[in-house]
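Each remark here refers to the structure printed beneath this line.
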Amino acid sequence: SIEKAEIHEKVVERRENTAEALPEGFFDDPEIDARVRKVDAPKDQMDKEWDEFQKAMRQVNTISEAIVAEEDEEGRLDRQIGEIDEQIECYRRVEKLRNRQDEIKNKLKEVLTIKELQKKEEENVDSDDEGELQDLLSQDWR
Numbered sequence: 397s398i399e400k401a402e403i404h405e406k407v408v409e410r411r412e413n414t415a416e417a418l419p420e421g422f423f424d425d426p427e428i429d430a431r432v433r434k435v436d437a438p439k440d441q442m443d444k445e446w447d448e449f450q451k452a453m454r455q456v457n458t459i460s461e462a463i464v465a466e467e468d469e470e471g472r473l474d475r476q477i478g479e480i481d482e483q484i485e486c487y488r489r490v491e492k493l494r495n496r497q498d499e500i501k502n503k504l505k506e507v508l509t510i511k512e513l514q515k516k517e518e519e520n521v522d523s524d525d526e527g528e529l530q531d532l533l534s535q536d537w538r
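This is the structure we're talking about:
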């Protein structure tokens, strides 16, 4: 029985060696040829390669989408920063214009008060002049 086991192992080894010794394409049917040589059938190999290709493409697409999303985010942030800077500049201009408006209002008030004072003085002067004129006219000139 020990001899039979050794003979059986040798037969198995010869079969394996025979399959490995056969050149590729020895059998007309590619599936049988691949099975005898203990490799994947061409169709299985193509399917496996196609699956690997699709997996690689999904990974590349995922990476590409992540890069695009990151660039979009950076672009959005840059745009928002630009808009905020523009708003700040506009608020500065508004503040300058308000200050200028206040200055002009104050100057206008000063001018109006000065004009009112001048008008009152003129009225006082006119009334004084009229009073003097009346005094002169009412006096006996002789």
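Per our numbering, the very first residue in the sequence shown carries number 397; after that it's consecutive.
The C-beta atom is built at its ideal place from N, Cα and C for all residues, glycine as well.
Predicted model, so just to flag it, every value in this text is computed and none were measured.
I need the DSSP call for Ala437, collapsed to helix, strand or coil.
Start at 1 with the first residue of the sequence shown, and residue 437 comes out as number 41. Coil at Ala437, not helix or strand.
Chain B beta carbons: is any one of them nearer than 8 angstroms to that of Glu512?
Chain labels in this structure do not include chain B; a single protein chain is all it has.
Could you tell me the boundaries of the alpha helix (DSSP H) in which Asp429 lies?
Locating residue 429 in the sequence shown gives position 33, where the first residue counts as 1. Judged by DSSP secondary structure, Asp429 falls within the alpha helix (DSSP H) whose first and last residues are Pro426 to Val432.
With distances taken between CB atoms, is the gap from Ala437 to Glu427 smaller than 8 angstroms?
Along the sequence shown, one-based indexing puts residue 437 at 41. Along the sequence shown, one-based indexing puts residue 427 at 31. The Cβ atoms of Ala437 and Glu427 lie closer than 8 angstroms to each other.
Hey, how far is the Cα of Lys511 from the Cα of Glu499?
Taking the first residue of the sequence shown as 1, we reach residue 511 at position 115. Taking the first residue of the sequence shown as 1, we reach residue 499 at position 103. Answer to the nearest angstrom: the Cα atoms are 18 angstroms apart.
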